[in-house]
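Novice: Note that the sequence shown covers residues 1338 to 1913 in my numbering. Backbone N, C-alpha and C fix where the C-beta goes; we use that ideal spot for every residue, glycine too.
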Amino acid sequence: MQTSRYIDFLFWWLGLCLLVLSAKLQQERPFTLSWINTALVGFCLLLLINGLYLNPVYYAGAIYFPVTLLIAFIVASSRAIWLTQTGFKIFCAVIGLVAVWALLQWLTGWGFLGKESARAQALFSSSNILATVLNLGLMPVLGFYLLGRGGRGVYGLTLLLFAALLTTQSRGGYLGLLSGVLFLLVFVGRAAVVTEWRRYRAIAVGFLAVFGALKFYAWLGLASWRADAVFAALLYGESSNRWEIYQVAWHGLSEHLWFGIGYYNFGYYFEAHKVPPFLDRRIIFVHNDYLEFALEIGLLGLGLFLLLIAAVYGQLFKFRQQAMVGQRLPLILSASAITTMLAHALVDYPFYIPVLMAIFGAYLGIINQQLIGMGATQWQLPKMSAQLLGLRPGFIGNALVIGLMTWLGLPVFASVSADYGLNRLQHLDAQRGLYWYGVARILQPRTAEYYVREGVILRNLGVTQTRPDLLEKSNAVFSKGLAVNPFEVNNLLEKIALHRQYGTLLKQPASHQDIMTWINHAKSLQPHSDGVQMEYVRSLDFVGEHAQAIEQAKLLVHRWSQSKSAQRLLESVSHE
């Protein structure tokens, strides 16, 4: 489902507020440290420090991602019993509806509120995300049935989720399911498999029947479903050109070994180092979360994440026998579920999707609480004293919760302000539009796009009202935008256009050398960007390099033969 940034941040913030309040309701429960939550806190703190201080670029998601993971973990740890009983039933109902949605999409070819695609997506932006979500529900349900629990209803839900997974045609999804099943088989052992062999046989027959039914439906020409990509990957290796992306990321890793290039910055790095066949595409994920963690937060960050995984599976197999004897189903099923996501992360980016981070954190919380219940190593933290700084703990807790929710809401408030400013502009109320964009910039002073919008408004007002002072303010705003995000080109392009078109109205107009220095810097950041290349042609023409400008414009017309903008650009720089 395609949504604006405002809607994305709004739902993300509301979800976090719900998680924070849920955790607050359990504040009377003493908090304990274990190997798992210690590793998790260390990893999340590193993400926050990287996103807020080490990273030269600010992105609100750099706050939301680790906070989502950590708060979901805390809530699940404090409400593990409710989650494993009532909560999981609700999750199964929701995931069942998502599976029905996916099947209807594939069977009918209709989008159903999403874009039409040969691969089912349901309400998600890609089929691979849907596949990960389905696996996080399918694997626990499948494990529940294979461990001798549930009847026809559970069996039917398992087949439904498997059918929906097939409609995603996601190789990463298939890899995740296979990994989850293999983990389950290894963990429960041969004796448990032999005891429930009839259920294993029923699942095998059911899966084959579902596979055959979908294949037959596709053979009739009623839908598109092919396994060619899966077999090609097995026989000839990866076939989605991801090796090219991996090579770019690997090259960057050697340049920024320990602390990385900054959390969520791969998109900027790839723009400057693009390789075919991605010259005309924007890629913001490596499609291998382990490699992306190593690139963006360095070997230190990857090491902490691997330490978390090692702590989880080390504790799992340490208490394996006890878990099987005690029939700790929540522990076994949660571990099987996270295994699917960890495997899928080898070929995709599930740890960059908010809902997946929340589900993963919840499963981790259940695992941690189950292990503590079986006697895993833990350290009890002291409770807050009755009086701290003369204030009651309840007051302090409420103040911290309100402060946290307000801080997390700043990106949402800024987006609302910017959207309202845009609404005022559409109603020709430039002054109020400018005011609300200024509010957005104050709330999120490190978000470059707010500087671009405010600078453009000031420039347009300065031109229409013939006010050089507004043009000077516009120039200053663009410069500030460049300072807060040195990798973003929009502020730089707008600044170049301002000096190129209205330099005579500025106190200190840029020289021709300055113009070319700026545009060449923009080209070094995004050499294949449409906007950068077109501004490069205009800049060449502006400084008097008419022949080179015409040559570059012709190259753009040849490259984008159907583009009217490229045609008009060529006409504007041709002086014949």
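What residue does the beta strand (DSSP E) around T1714 start on, and which one ends it?
Specialist: Here the question's residue 1714 lines up with position 377 in the sequence shown. No beta strand (DSSP E) holds T1714; DSSP gives it neither H nor E.
Novice: Could you please give me the residues that DSSP links to S1902 through a beta bridge?
Specialist: Your numbering for residue 1902 matches position 565 in the sequence shown. Paired residues: none, contrary to the question.
Novice: So for S1752, helix, strand or coil by DSSP?
Specialist: Translated into the one-based positions of the sequence shown, residue 1752 becomes position 415. In the structure shown, S1752 sits in a helix (DSSP, three-state: H, G or I).
Novice: Shortest alpha-carbon distance to R1796 belongs to which of S1507, A1767, A1777 and L1632?
Specialist: Start at 1 with the first residue of the sequence shown, and residue 1796 comes out as number 459. Among S1507, A1767, A1777 and L1632, the Cα nearest to that of R1796 belongs to A1767.
Novice: Note down, one range per segment and in chain order, each beta strand (DSSP E) of at least 3 residues found wholly within the region 1533-1614.
Specialist: Counting whole runs of 3 or more residues, the region 1533-1614 contains no beta strand (DSSP E) stretch at all.
Novice: Can you have a look at K1426 and say buried or exposed, based on whether 16 or more other CB atoms are within 10 angstroms of its CB?
Specialist: Translated into the one-based positions of the sequence shown, residue 1426 becomes position 89. That one is exposed.
Novice: If you scan the region 1438-1505 from start to end, which runs of the alpha helix (DSSP H) of 4 or more residues do you find wholly inside it?
Specialist: Listed in chain order, they are 1464-1483 and 1489-1505.
Novice: List the whole-angstrom C-beta distance separating P1782 from Y1401, where the pair is believed to meet the contact cut-off of C-beta under 8 Å.
Specialist: By 1-based counting over the sequence shown, the position of residue 1782 is 445. By 1-based counting over the sequence shown, the position of residue 1401 is 64. Rounded, the Cβ-Cβ distance is 18 Å, inconsistent with contact.
Novice: By how many angstroms is the C-alpha of T1677 removed from the C-alpha of E1908?
Specialist: Counted from its first residue, the sequence shown places residue 1908 at position 571. Counted from its first residue, the sequence shown places residue 1677 at position 340. Distance between the alpha carbons of E1908 and T1677: 55 Å.
Novice: Whole-angstrom Cβ separation of S1999 and I1704, contact assumed at under 8 Å?
Specialist: In this structure the chain extends from 1338 to 1913, so residue 1999 is not present and cannot be described.
Novice: What residue range does the alpha helix (DSSP H) around L1643 cover?
Specialist: Position 306 of the sequence shown, counted from the start, is the residue given in the question as residue 1643. L1643 -> alpha helix (DSSP H) spans D1626 to K1655.
Novice: Quick one: what does DSSP say S1671 is sitting in, helix, strand or coil?
Specialist: Within the sequence shown, residue 1671 is the residue found at index 334, counting from 1. In the structure shown, S1671 sits in a helix (DSSP, three-state: H, G or I).
Novice: Since L1370 sits in a beta bridge, which residues does DSSP pair it with?
Specialist: The count along the sequence shown starts at 1 and reaches residue 1370 at position 33. BP columns for L1370 point to W1716.
Novice: Give the single residue among F1697, L1906, E1791 and N1857 whose Cα lies nearest to the Cα of A1813.
Specialist: Within the sequence shown, residue 1813 is the residue found at index 476, counting from 1. Of the candidates F1697, L1906, E1791 and N1857, the one whose C-alpha sits nearest the C-alpha of A1813 is E1791.
Novice: Mind checking N1857: buried by the 16 CB within 10 Å criterion, or exposed?
Specialist: Taking the first residue of the sequence shown as 1, we reach residue 1857 at position 520. When all chains shown are included, N1857 counts as exposed.
Novice: In the structure shown, what three-state DSSP assignment does T1677 receive?
Specialist: For the purposes of this step, residue 1677 is identified with residue 340 of the sequence shown, where counting begins at 1. DSSP places T1677 in helix when its eight states are reduced to three.
Novice: For the alpha helix (DSSP H) holding R1896, just list the boundary residues, first then last.
Specialist: Reading the sequence shown from its first residue, position 559 is the one you call residue 1896. It spans H1883 to R1896 - the alpha helix (DSSP H) in which R1896 sits, taken as one unbroken run.
Novice: Is the beta carbon of L1770 sitting closer than 7 Å to the one on L1762?
Specialist: Position 433 of the sequence shown, counted from the first residue, corresponds to residue 1770. Position 425 of the sequence shown, counted from the first residue, corresponds to residue 1762. Reading off the sequence shown, one finds Gly at residue 1770, where the question assumed Leu. Their beta carbons are under 7 Å apart, which means G1770 touches L1762 by this criterion.
Novice: Buried or exposed: which applies to A1430, given that a residue is buried once 16 or more other Cβ atoms fall within 10 Å of its Cβ?
Specialist: Along the sequence shown, read from residue 1 onward, the residue named residue 1430 stands at position 93. So A1430 ends up on the exposed side.
Novice: Within 10 Å of its beta-carbon, does L1572 have 16 or more other beta-carbons around it, so buried, or fewer, so exposed?
Specialist: The sequence position of residue 1572 within the sequence shown is 235, counting from 1. With a pLDDT of 48 at L1572, under the threshold of 50, the modelled position of this residue cannot be trusted; read the value that follows with caution. The residue in question, L1572, is exposed, as its Cβ has fewer than 16 Cβ neighbours within 10 Å.
Novice: Could you say if the region 1491-1509 and the region 1636-1651 meet the contact criterion of at least three C-beta pairs nearer than 8 Å?
Specialist: No, they do not touch.
Novice: Measuring straight from C-alpha to C-alpha, what distance separates G1799 and L1843?
Specialist: Residue numbering aside, residue 1799 sits at position 462 when the sequence shown is read from its first letter. Residue numbering aside, residue 1843 sits at position 506 when the sequence shown is read from its first letter. The straight-line gap from Cα to Cα measures roughly 11 Å.
Novice: What whole-angstrom Cβ distance do S1866 and V1826 have, given they're in contact under 8 Å?
Specialist: Here residue 1866 refers to the residue found at position 529 of the sequence shown. Here residue 1826 refers to the residue found at position 489 of the sequence shown. Right, their Cβ atoms sit about 7 Å apart.
Novice: For the alpha helix (DSSP H) that contains R1778, what are its first and last residues?
Specialist: Taking the first residue of the sequence shown as position 1, residue 1778 is located at position 441. Looking at the DSSP string, the run of the alpha helix (DSSP H) that includes R1778 is A1767 to L1780.
Novice: Tell me whether W1773 is buried or exposed, calling it buried when 16 or more other Cβ atoms sit within 10 Å of its Cβ.
Specialist: Here residue 1773 corresponds to residue number 436 of the sequence shown, with the count starting at 1. Its Cβ being crowded by 16 or more others within 10 Å, W1773 is buried.
Novice: Check whether the region 1491-1505 touches the region 1473-1480, counting contact only when three or more Cβ pairs, one atom from each stretch, lie closer than 8 Å.
Specialist: Yes, since at least three Cβ pairs between the region 1491-1505 and the region 1473-1480 fall closer than 8 Å, the two stretches touch.
Novice: Classify I1408 as buried or exposed, calling it buried when 16 or more other Cβ atoms lie within 10 Å of its own Cβ.
Specialist: Indexing the sequence shown from 1 puts residue 1408 at position 71. It counts as buried.
Novice: Work out the CA separation of T1801 and E1629 for me, nearest whole Å.
Specialist: Taking the sequence shown and counting its residues from 1, one reaches residue 1629 at position 292. Taking the sequence shown and counting its residues from 1, one reaches residue 1801 at position 464. If I take the Cα positions, the gap works out to 46 Å.
Novice: Exposed or buried, P1614, counting other C-beta atoms within 10 Å across all chains shown (16 or more means buried)?
Specialist: Indexing the sequence shown from 1 puts residue 1614 at position 277. Under this definition P1614 is an exposed residue.
Novice: If you drop the 5 nearest sequence neighbours on each side, which residues of the same chain put their C-beta closer than 8 Å to that of G1663?
Specialist: The residue labelled residue 1663 in the question sits at position 326 within the sequence shown. The answer, listed in chain order, is M1711.
Novice: Which of the three DSSP states, helix, strand or coil, is assigned to A1510?
Specialist: Looking up residue 1510 in the sequence shown gives position 173. Strictly speaking, residue 1510 in this sequence is Gly, with Ala absent from that position. Three-state result, G1510: helix.
Novice: Using a Cβ-Cβ cut-off of 7 Å (strictly less than) and excluding sequence neighbours within five positions of G1398, which residues of its own chain qualify?
Specialist: To locate residue 1398, count along the sequence shown from 1; it is residue 61. Around G1398: Y1601.
Novice: Just to confirm the assignment, what range does the alpha helix (DSSP H) spanning E1872 have?
Specialist: Within the sequence shown, numbered from 1, the residue matching residue 1872 stands at position 535. Here the alpha helix (DSSP H) through E1872 covers D1867 to F1879.
Novice: Which value, in whole angstroms, describes the spacing of the CA atoms of G1604 and E1633?
Specialist: As a working note, residue 1604 is residue 267 in the sequence shown. As a working note, residue 1633 is residue 296 in the sequence shown. Each residue's Cα considered, the two are about 10 Å apart.
Novice: Let me know if Q1658 comes out buried or exposed under the rule of 16 or more other beta-carbons within 10 Å of its beta-carbon.
Specialist: Within the sequence shown, residue 1658 is the residue found at index 321, counting from 1. It counts as exposed.
Novice: For N1857, which three-state DSSP category applies?
Specialist: Here residue 1857 is taken as the residue at index 520 of the sequence shown, counted from 1. Here N1857 sits in helix by DSSP.
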